[in-house]
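Engineer:
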Amino acid sequence: MTVPRTAPRLGVLHCAATGALVAGVLFALLAAASAIADPRASEGALVFLTQQALRAPAHPVRGLGVAMLGGLALGALIALCYNALRILSRRSG
Numbered sequence: 035m036t037v038p039r040t041a042p043r044l045g046v047l048h049c050a051a052t053g054a055l056v057a058g059v060l061f062a063l064l065a066a067a068s069a070i071a072d073p074r075a076s077e078g079a080l081v082f083l084t085q086q087a088l089r090a091p092a093h094p095v096r097g098l099g100v101a102m103l104g105g106l107a108l109g110a111l112i113a114l115c116y117n118a119l120r121i122l123s124r125r126s127g
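Each residue of the sequence shown is one higher than the one before, counting from 35 in this note's numbering.
(1) Give the range of the alpha helix (DSSP H) segment to which residue 123 is assigned.
(2) With residue 55 as the anchor, note down where its alpha helix (DSSP H) starts and where it stops.
(3) For residue 114, which residues of its own chain have a beta-carbon under 7 angstroms away from its beta-carbon, when the five flanking residues on both sides are left out?
(4) Report the CB separation of residue 57 from residue 104 in whole angstroms; it is logged as a contact under 8 angstroms.
(5) Excluding the 5 residues flanking residue 52 on each side, which residues of the same chain have their C-beta closer than 6 angstroms to its C-beta?
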């Protein structure tokens with residue numbers, strides 16, 4: 035008799051923190067690219083993350099926070115969906 039194998043559960047907090055970190059790093063890279071290269075080229079991606087252009091000094095801080103909150107929510111949602119669908123990986127013995 036074989037024991038059915040299941041996929042390991044993903045930690046929701048771990049995935050949420052990973053999503054927040056990835057979104058924060060992505061935001062920082064886009065902000066740096068915008069400052070170094072043509073600001074109009076990277077501003078579209080920054081506006082996608084923050085819903086505003088980075089013209090005032092407080093905008094980058096707010097944008098980083100919004101990006102990290104979005105990444106936090108997305109990472110948690112990915113882990114929750116993965117854990118809910120792990121029944122698909124069960125093998126019948």
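Glycine included, each C-beta is placed from N, C-alpha and C at the ideal position.
Structural biologist: Result, derived from the coordinates:
(1) Element bounds for residue 123: n/a, residue is neither H nor E.
(2) 46-70
(3) 46
(4) 6 angstroms
(5) 109
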